[in-house]
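Here's the structure we're looking at; comments come further down.
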Amino acid sequence: TLAFGPDGYLYVGLGDGGAGGDPMGNGQNLNTLLGKILRIDVHHPAADGKTNYSIPADNPFANRPNARGEIWAYGVRNIWRHSFDRKTGQLWAADVGQDLWEEINIVTKGGNYGWKDREGKHLFTPKDQPQRPDTPTPAGMIDPIWEYHHDIGKSITGGNVYRGKDLPELDGMYLYGDYVSGKLWALKYDSNTN
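Numbering (my numbering), first residue to last: 3 to 196.
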């Protein structure tokens, strides 16, 4: 997914590279762009001429050794649409789960959303292994603001925070759906209660 942010930079959502369960560990590996949300400046090529974009100086890993400077956030499995709230500027992202959970995240600078260690708010356990008990979210990882089980749907499709005038009862709600179930929902988010 591609979306320009209110800051004028391009945000790019990239999956972990396929092969169920992220066997290469791309989601947590800061040396690869896979399993990440990138933030790049497409208006100014790199000074060294190696890319037709540059890396904003305030990206969280811009000057960190052994990390790709393009990374804005990491630990995602398969971002299937992300968008910015026109009023708040928040970046909302729908992340398609592996075996059990679909999730919605509000993406923050340098945020780690847990994949492949976590799926939704739960420890990730591949289907062919015994289910591990849930544990509290490790320090440094961010839980999704919303999740739903595969009993409800199997492939979240992200949408937008509604800011139109025609349906005032939807103002501020995140509208999204599920590709497999065909269901549509409106999520009202309260940052105080998450």
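Quick reminder that beta carbons are idealized off the backbone N, C-alpha and C, glycines included.
Where residue i falls: helix, strand or coil (DSSP)
i: Leu32; result: coil
i: Trp40; result: For clarity, residue 40 is Leu in the given sequence; the question names Trp instead. Strand at Leu40.
i: Glu72; result: coil
i: Leu102; result: coil
i: Leu169; result: coil
i: Trp117; result: coil
i: Arg83; result: strand
C-alpha gap between residue i and residue j, whole angstroms
i: Leu125; j: Lys118; result: 9 Å
i: Trp82; j: Gly15; result: 8 Å
i: Ala95; j: Phe86; result: 9 Å
i: Asn54; j: Ile154; result: 42 Å
i: Pro146; j: Asp43; result: 27 Å
i: Tyr76; j: Gly27; result: 12 Å
i: Asp60; j: Arg70; result: 13 Å
i: Leu189; j: Ala49; result: 43 Å
i: Gly17; j: Gln30; result: 12 Å
Cβ separation of residue i and residue j, assumed to be a contact under 8 Å, to the nearest whole Å
i: Pro67; j: Tyr11; result: Pro67 to Tyr11, Cβ: 23 Å. No contact.
i: Tyr176; j: Ile73; result: In fact, because the Cβ distance is near 24 Å, the residues do not count as touching under 8 Å.
i: His84; j: Gly184; result: Wrong, their Cβ atoms sit about 21 Å apart, outside the cutoff.
i: Lys123; j: Glu104; result: The Cβ separation is near 12 Å, so there is no contact.
i: Leu36; j: Gly19; result: 4 Å
i: Pro62; j: Ser56; result: Incorrect: roughly 16 Å between the Cβ atoms, too far for contact.
i: Leu93; j: Tyr13; result: 6 Å
Pick from the options that is closest to residue i, judged by C-alpha positions
i: Lys129; options: Arg120, Gln100, Leu186, Asp153; result: Gln100
i: Gln133; options: Thr3, Ile158, Leu102; result: Leu102
i: Glu121; options: Asn28, Asp192, His151, Ser183; result: His151
i: Ile108; options: Ala64, Asn162, Thr127, Gln131; result: Asn162
i: Asn80; options: His46, Lys156, Gly7; result: Lys156
i: Val98; options: Pro8, Gly179, Leu169; result: Gly179
i: Leu32; options: Lys89, Pro135, Val78; result: Val78
Stretch-stretch touch, CB-based, cutoff 8 Å, three pairs: the segment 137-153 with the segment 110-118: yes
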